[in-house]
Amino acid sequence: MIIKTAEFVTSAVKPLQYPPELLPEIAFSGRSNVGKSSLINAILNRKRLVKTSSTPGRTQLINFFVINDVFSFVDLPGYGYAKVPVSIKKTWGPMIEKYLSGRKTLRGVVTILDMRRIPSPEDLSLIRWLNQLGIPIIPVLTKSDKLSKTNQIKQKAMIADTLSINQENLIVFSAKTKQGVPDVWNAVEKLLTVQSVIDKT
Ligand code: GTP
Ligand code: MG
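Below, the structure is given as C-alpha cells:
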C-alpha cells in the first residue's frame, strides 16, 4: 500500500461526533498500552500521526483518520487499565460498544494483543463479541521484538490455542522492527476490497 496522505479527522465520544459514514473503515482495538497507536503509525510509516505514550490510557477518545482519501482508520481507546478512573471505565464500554455495533462502514477490527502475555478475559470477550456481531477480525500479536525467535513460536502457539484460532491467522508484529507490516496491510486490504466488491453488486 502506498500511503499518499494520512490525516487526522476528528476525536469523538458519541455517534453524533463521528465523521459521516462515507468511507470503508478499519478499527484498531486492544488493551491499554498494548501498542495500538504505535501499530497505526508503523503501518502508515508516520512517526507521530497518532499520539503514543508509555503511560497507559493515553487514548481515551475514538480517533478517526483518513488515508489516501479512500478509507479510514479508527484508533480506539484501550481497555483494561486499572488506574483509569472509574468514571472513564464506565463510559468506555458503552462508547466502544456503540461504535462497534452501530458503525455501518466498519469493515473489520485489528485486534491487537501483547505477544508476551496470555490474552486477558477482556481480550477474549471483545473477540467473542466481534464474532457474534459478524465483524471480521485481524488478530495481531505485537511487541515481537521483545521475544526471542523460540519464544515467539511458543507464544504464538499458546495464544492461538487460547483464542481457538488457527496459528496461520495470527500476525506477528513489531512497531520497532516493522516485522509484520506487509502482513497487516494484506489483511486490511482484503477486508477493504472484499466489501467494496459486495457494495458494487
Ligand atoms: P493507549 O492509547 O494508552 O491505550 O496505548 P496504545 O495501545 O495506543 O499504545 P502505544 O502505541 O501508545 O504504545 C505504548 C508503549 O508501548 C509505548 O511506550 C511504545 O513505544 C511501546 N510499544 C508499542 N509497540 C511496540 C513494539 O512493537 N515494540 C516495543 N518494544 N515497544 C512498543
Ligand atoms: Mg493509543
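Per the working numbering, the sequence shown starts with residue 42, numbered consecutively.
The beta carbon of each residue, even a glycine, is placed where N, CA and C say it ideally should be.
If you check the CB distance, Glu62 and Lys195 do not come in under 9 Å. When DSSP states are grouped into helix, strand and coil, Gly76 belongs to the coil group. Excluding residues up to 5 positions away in sequence, Ile67 lie with their Cβ nearer than 6 Å to the Cβ of Val229 in the same chain.
Residue pairing of Leu182 in beta bridges, as defined by DSSP: Leu154, Val213. Three or more Cβ pairs closer than 8 Å define a contact, and the segment 182-197 falls short of that threshold against the segment 161-169. In this structure, the beta-carbon distance from Phe214 to Val235 does not fall below 9 Å. Remark: the C-beta of Asn192 is outside contact range of the ligand GTP, defined as less than 8 Å to any heavy atom. Taking each of Val151, Glu209, Gln220 in turn and checking the Cα distance to Ser78, the smallest one comes out for Val151. Contact annotation: Ile108 and Thr46 have beta-carbon atoms nearer than 9 Å.
CA-to-CA, the gap between Arg87 and Ile159 works out to about 30 Å.
Note on Ile44: under 16 other CB atoms within 10 angstroms of its CB, so exposed under the neighbour-count rule. In chain order, Ile153, Thr183, Lys184, Ala216 place their CB closer than 7 Å to the CB of Gly76, counting only its own chain and leaving out the 5 sequence neighbours on each side.
Here Ile176 has Leu141, Leu147, Gly149, Val150 as same chain residues with Cβ atoms under 8 Å from its own Cβ, once five neighbours each way along the sequence are excluded.
Residue environment: Phe49 is assigned as exposed (fewer than 16 neighbouring CB atoms within 10 Å of its CB, all protein chains considered). For Trp133, the closest C-alpha among the options Val111, Arg89, Lys55 is that of Lys55.
Within the same chain, Cβ atoms closer than 8 Å to the Cβ of Lys197 are found at Met156, Leu182, Gln208, Leu211, Val213, the five residues on either side in sequence being excluded. In the structure shown, Tyr140 falls within a helical segment according to DSSP collapsed to helix, strand and coil.
DSSP places Ser70 within a strand segment (E or B) once states are collapsed to three.
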